[in-house]
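S.K.:
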Amino acid sequence: MLLSVFWSLMGYWPMLIINLVAGIVAELIIGNYESDKRVAVAIATGMFIISMHAMTFVKVLGPEKLVEVFTVFSPEQAQYMYTFFTPKAMLISIIVNIVLVTLAGLFGMYINNKFFEKRKEKGIL
Numbered sequence: 005m006l007l008s009v010f011w012s013l014m015g016y017w018p019m020l021i022i023n024l025v026a027g028i029v030a031e032l033i034i035g036n037y038e039s040d041k042r043v044a045v046a047i048a049t050g051m052f053i054i055s056m057h058a059m060t061f062v063k064v065l066g067p068e069k070l071v072e073v074f075t076v077f078s079p080e081q082a083q084y085m086y087t088f089f090t091p092k093a094m095l096i097s098i099i100v101n102i103v104l105v106t107l108a109g110l111f112g113m114y115i116n117n118k119f120f121e122k123r124k125e126k127g128i129l
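So that you can map any letter, position 92 of the sequence shown is 96 in this note's numbering, and since no number is skipped, the others follow by simple counting.
Structure (structure tokens):
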């Protein structure tokens with residue numbers, strides 16, 4: 005959530021909403037933290053939601069509304085992003101994103117096991 009505060013300070017306030025949604029969805033998936041696989045899926049899902057926000061905003065809002073809503077985009081930058089995200093580029097982005105968030109989920113499962121679940125002494129972090 006701290007990262008979304010920094011985004012907001014830079015003029016990109018919707019990251020508060022995106023991070024909140026990603027966090028809630030991840031917590032709903034995790035449940036009671038008893039399944040390593042659920043932890044991995046939750047991390048991957050949260051990261052997927054966060055990482056797909058740019059493409060989603062550009063395609064949903066369009067370049068004109070993007071400049072109007074967000075102060076961080078110039079009209080030229082918004083138009084470039086809109087034309088860049090063709091169906092082919094979006095498909096490639098989604099496939100690469102799925103691979104990377106899966107790796108992030110596995111890494112998250114490793115961190116959860118190493119520092120939280122499998123340790124005999126509590127309170128390492």
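Cβ coordinates follow ideal geometry from the N, Cα and C atoms, glycine included. Everything numeric in this text was worked out from a predicted model, so none of it was measured.
What are the boundary residues of the alpha helix (DSSP H) that Met51 is part of?
M.R.: That run of the alpha helix (DSSP H) goes Asp40 to Ser55.
S.K.: What residue does the alpha helix (DSSP H) around Lys118 start on, and which one ends it?
M.R.: Note, Lys118: premise wrong, no alpha helix (DSSP H); not H, not E.
S.K.: Closest by CA to Ala82, which one among Ile96, Lys63, Leu107 and Tyr37?
M.R.: Per the Cα distances, Lys63.
S.K.: Nearest CA to the CA of Phe74: which residue from Ala58, Phe88 and Phe89?
M.R.: Of the listed residues, the one whose Cα sits closest to Phe74 is Ala58.
S.K.: For Gly35, collect the residues of the same chain with a Cβ closer than 8 Å to its Cβ; drop the 5 residues on either side in sequence, then sort them by chain order.
M.R.: Excluding sequence neighbours, Gly35 sits near Arg42.
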